[in-house]
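S.K.: If you scroll down you'll find the structure; I have some questions about it.
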Amino acid sequence: MAYSYTRRHLKALSEASNSGGNNGDGGGGGGSSQQNDSINHCENWNPNQIVYNKMEQIIEKMQDEQNGVPVRTVKSFMSKIPSVFNGSDLIAWMMRELDLEDQQEALHLANLMASHGYFFPIDDHVLW
Numbered sequence: 001m002a003y004s005y006t007r008r009h010l011k012a013l014s015e016a017s018n019s020g021g022n023n024g025d026g027g028g029g030g031g032s033s034q035q036n037d038s039i040n041h042c043e044n045w046n047p048n049q050i051v052y053n054k055m056e057q058i059i060e061k062m063q064d065e066q067n068g069v070p071v072r073t074v075k076s077f078m079s080k081i082p083s084v085f086n087g088s089d090l091i092a093w094m095m096r097e098l099d100l101e102d103q104q105e106a107l108h109l110a111n112l113m114a115s116h117g118y119f120f121p122i123d124d125h126v127l128w
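Residue numbers (the UniProt record's numbering): 1 to 128.
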């Protein structure tokens, strides 16, 4: 089975993770303002945000041109599908680059990432 990448809203996530603590007032007497920003940041923090950030770090590593998962453009009868990779290439890459010892663990992680929409299966094409 082959998969294709989707682009996530990395900018919104990075802004959410970087918004707390620094309000740019230079420090002098703004302690309560910084504390309020920190409290507001904690109230808006999604408990799954840590997991999402880690998955997005893995996606960034996967997209590396030198050490990432091998990506191809697949030509179908009437169309081209860009950014396609094979599931076995993904599992082998995860085991090698993420130091996973068990193939089942890599498969579980790949399924988790696919269920969150970071990539999706392409079933209706004959690939390679």
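Ideal placement from N, C-alpha and C gives every residue a C-beta, glycine not left out. Keep in mind that this is a model prediction, so the values were computed, not measured.
In chain order, what are the residue ranges of uninterrupted alpha helix (DSSP H) at least 4 long that sit wholly in the region 40-101?
M.R.: Runs of the alpha helix (DSSP H) inside the region 40-101: 49-62, 87-97.
S.K.: Under a Cβ-count criterion, where at least 16 other Cβ atoms within 10 Å of its own Cβ denotes burial, should VAL51 be classed as buried or exposed?
M.R.: Its Cβ having fewer than 16 others within 10 Å, VAL51 is exposed.
S.K.: Comparing C-alpha positions only, which one of LEU107, MET55, ASN46 sits nearest to HIS116?
M.R.: For HIS116, the nearest C-alpha among the options comes from MET55.
S.K.: Quick check: the Cα distance between GLY87 and ASN48, rounded to an integer number of angstroms?
M.R.: In a straight line, the C-alpha of GLY87 is about 26 Å away from that of ASN48.
S.K.: Report yes or no: do the region 74-85 and the region 96-103 share at least 3 C-beta pairs separated by less than 8 Å?
M.R.: No contact exists between the region 74-85 and the region 96-103.
S.K.: Mind checking which residues open and close the alpha helix (DSSP H) that includes HIS108?
M.R.: Taken as a continuous stretch (DSSP letters only), the alpha helix (DSSP H) holding HIS108 covers 103-115.
S.K.: Measuring only between beta-carbons, confirm whether MET95 sits less than 7 Å from chain C.
M.R.: Protein chain content of the structure displayed is limited to a single chain, and chain C is not contained in it.
S.K.: Going straight from the alpha carbon of GLY68 to that of LEU90, what length do you get?
M.R.: Looking at the two C-alpha atoms, the distance is approximately 9 Å.
S.K.: MET113 and ALA106: beta carbons closer than 7 Å?
M.R.: No. Outside cutoff.
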